[in-house]
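For the sequence shown, numbering that gives the first Met the number 0 gives the first residue as 0, with consecutive numbering after it.
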Amino acid sequence: MPSLPPAETHTRPSPHLIGGGGYGALLVALVVGLVVALVAGISIGTVTLPVKEVWSVVGHHLGFLSAAPTKVQDQIVWDFRTPRVLLAAVVGAALSVAGACLQVLGRNALADPYVLGVSSGASFGAVLVLAYGTGVSGGLSVTGAAFVAAMLTLFVVFVLAQRGGRVGPSRLVLAGVAVSYLATAGTSFVQLYTRPAELRGLMFWILGSFASASWGDLGVPTVVIAVTAAWLLVRARSLNVMSTGDDSASALGVDVNRFRIELLIISSLLTACAVAVAGGIGFVGLMVPHACRFLVGPDHRRLLPVALLTGASFMVVVDLLARVVDRPNELPVGIFTAAVGAPFFLVLMRRSGATR
Numbered sequence: 000m001p002s003l004p005p006a007e008t009h010t011r012p013s014p015h016l017i018g019g020g021g022y023g024a025l026l027v028a029l030v031v032g033l034v035v036a037l038v039a040g041i042s043i044g045t046v047t048l049p050v051k052e053v054w055s056v057v058g059h060h061l062g063f064l065s066a067a068p069t070k071v072q073d074q075i076v077w078d079f080r081t082p083r084v085l086l087a088a089v090v091g092a093a094l095s096v097a098g099a100c101l102q103v104l105g106r107n108a109l110a111d112p113y114v115l116g117v118s119s120g121a122s123f124g125a126v127l128v129l130a131y132g133t134g135v136s137g138g139l140s141v142t143g144a145a146f147v148a149a150m151l152t153l154f155v156v157f158v159l160a161q162r163g164g165r166v167g168p169s170r171l172v173l174a175g176v177a178v179s180y181l182a183t184a185g186t187s188f189v190q191l192y193t194r195p196a197e198l199r200g201l202m203f204w205i206l207g208s209f210a211s212a213s214w215g216d217l218g219v220p221t222v223v224i225a226v227t228a229a230w231l232l233v234r235a236r237s238l239n240v241m242s243t244g245d246d247s248a249s250a251l252g253v254d255v256n257r258f259r260i261e262l263l264i265i266s267s268l269l270t271a272c273a274v275a276v277a278g279g280i281g282f283v284g285l286m287v288p289h290a291c292r293f294l295v296g297p298d299h300r301r302l303l304p305v306a307l308l309t310g311a312s313f314m315v316v317v318d319l320l321a322r323v324v325d326r327p328n329e330l331p332v333g334i335f336t337a338a339v340g341a342p343f344f345l346v347l348m349r350r351s352g353a354t355r
């Protein structure tokens with residue numbers, strides 16, 4: 000079986016802003032930007048607290064300061080804000096990496112978990128458990144039900160998009176939109192039979208929110224994004240080859256069917272983890288990978304770390320806006336991502352010729 004030559008020979012040439020030695024500087028800048036976003040997210044919220052008091056609480060829990068904060072300050076900063084901001088970073092990274100995977104999987108510039116209906120499917124599975132308990136899902140938790148629903152949704156989309164054993168890019172988007180509407184209809188049906196006292200919370204969760212984030216929500220998504228990102232970096236050359244087409248990938252020794260299944264599982268798992276803890280947040284997986292390709296090009300060895308860091312920072316900033324734009328009220332995160340993502344999708348669709 001032939002081995003894969005250097006990845007650069009399998010990525011379509013495309014103009015990008017940063018190359019060579021500038022890549023390392025970009026990574027450092029993105030790490031610094033993420034730290035700044037995290038600090039801002041923890042320092043600012045719906046309740047105004049002096050910055051010194053906010054970081055005295057964090058310092059106390061990290062062992063840097065011995066003075067104990069008041070109970071109210073401790074609850075606001077450590078129990079609410081800090082896990083929320085960290086979870087936003089993890090979810091943003093997960094959706095961005097999932098979007099990069101799906102764009103390779105379908106070889107479609109418009110692919111992302113939201114556009115292909117994966118987020119809607121995962122939301123439907125999670126809402127069933129939230130509304131009716133684990134009995135309706137055979138004992139699966141919210142995350143488990145979201146993962147199974149995401150897998151089934153993505154499988155159905157790819158089956159519908161195939162013609163003659165190949166996935167058509169335009170058919171993929173159309174199948175995703177159709178399945179997304181179906182999953183959304185199922186979610187709406189569940190809402191009709193939800194108790195009025197729970198309906199507002201359910202609606203807020205469906206639109207995307209980190210309001211109920213806790214330290215317990217961080218474990219599974221963090222492990223998932225760490226493991227999957229590491230695995231994808233190891234297989235980055237195969238991702239580059241898959242981007243050029245099945246025939247080229249097969250000729251260079253990639254087991255196309257097996258690798259496609261692996262990407263299917265990874266994309267579904269990342270989306271399910273994000274949806275289970277934050278609800279349906281759209282367009283992040285579409286915008287971030289494209290912006291990062293513009294910066295560093297299509298080589299996934301360079302693209303994936305940049306997309307992960309950019310997605311994390313982007314989601315932290317969006318969540319901060321959701322908390323402060325109408326303070327003390329809080330808006331769903333999905334409103335902001337849709338407001339930016341929908342025009343981005345239309346521009347990208349026009350440029351890619353997907354309307355033909």
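Built from N, CA and C at the ideal position, the CB exists for glycine as well.
First through last residue of the alpha helix (DSSP H) which encompasses residue i
i      : result
Gly218 : 218-233
Gly32  : 21-42
Pro112 : Looking at the DSSP string, Pro112 is not in any alpha helix (DSSP H), and its letter there is neither H nor E.
Asp73  : 70-73
Phe63  : Counting along the chain, Phe63 falls outside any alpha helix (DSSP H), and DSSP gives it neither H nor E.
Phe79  : Neither: Phe79 is in no alpha helix (DSSP H) and is coded neither H nor E.
Ala250 : 245-250
Assigned secondary structure, residue i (DSSP; H/G/I helix, E/B strand, else coil)
i      : result
Thr8   : Because Thr8 carries a pLDDT of 39, less than 50, the predicted location of this residue cannot be relied on, and the following value inherits that uncertainty. Helix.
Arg170 : helix
Arg165 : strand
Ser211 : coil
Pro195 : helix
Val346 : helix
Leu85  : helix
Ile17  : coil
Asn256 : helix
Pro1   : Residue placement at Pro1 is poorly supported in this model, since its pLDDT is 47, which falls under 50; the coordinates still yield a value, given next. Of the three classes helix, strand and coil, the one that applies to Pro1 here is coil, per DSSP.
Ser55  : helix
Val50  : helix
Ser140 : coil
Leu101 : helix
Thr133 : helix
Thr186 : helix
Leu206 : coil
Thr45  : coil
Ser119 : helix
Ser237 : helix
Whole-angstrom distance between residue j and residue i, CA atom to CA atom
i      : j      : result
Val339 : Leu61  : 36 Å
Ala212 : Ala337 : 21 Å
Arg106 : Gly281 : 20 Å
Ala110 : Leu285 : 7 Å
Val360 : Leu308 : Here the chain has residues from 0 to 355 only, and residue 360 is not among them.
Arg292 : Val53  : 37 Å
Val255 : Thr152 : 21 Å
Arg234 : Leu127 : 35 Å
Val178 : Lys70  : 47 Å
Gly175 : Phe154 : 10 Å
Pro365 : Tyr192 : The requested residue 365 does not occur in the structure, where the chain is confined to residues 0 to 355.
Met0   : Ala250 : Note that Met0 scores a pLDDT of 43, beneath 50, so its modelled location is shaky; the value from the coordinates is reported in the next line. Spanning the two alpha carbons is a distance of roughly 9 Å.
Leu347 : Leu139 : 38 Å
Thr10  : Arg165 : Unreliable placement is indicated for Thr10, whose pLDDT of 44 sits below 50; the coordinate value is still reported in the next sentence. About 21 Å.
Ala125 : Gly21  : 42 Å
Ser65  : Val50  : 18 Å
Ser136 : Ala144 : 6 Å
Arg199 : Ala130 : 12 Å
With 16 other Cβ atoms within 10 Å as the buried cut-off, status of residue i
i      : result
Arg214 : Looking at the sequence shown, residue 214 is not Arg but Trp. It is exposed - the Cβ of Trp214 has fewer than 16 other Cβ atoms within 10 Å.
Asp298 : buried
Thr270 : buried
Arg326 : exposed
Ser267 : buried
Val317 : buried
Val89  : buried
Thr81  : buried
Ser2   : Reliability fails at Ser2, whose pLDDT of 46 lies under 50, so the model's placement of it is uncertain and no value is given.
Asn328 : exposed
Arg259 : buried
Phe209 : buried
Trp204 : buried
Gln74  : exposed
Gly333 : buried
Pro342 : exposed
Gly91  : buried
Val34  : exposed
Gly252 : exposed
Val240 : buried
Pro220 : buried
Phe188 : exposed
Note down, one range per segment and in chain order, each alpha helix (DSSP H) of at least 4 residues found wholly within the segment 261-331. 283-295, 299-323
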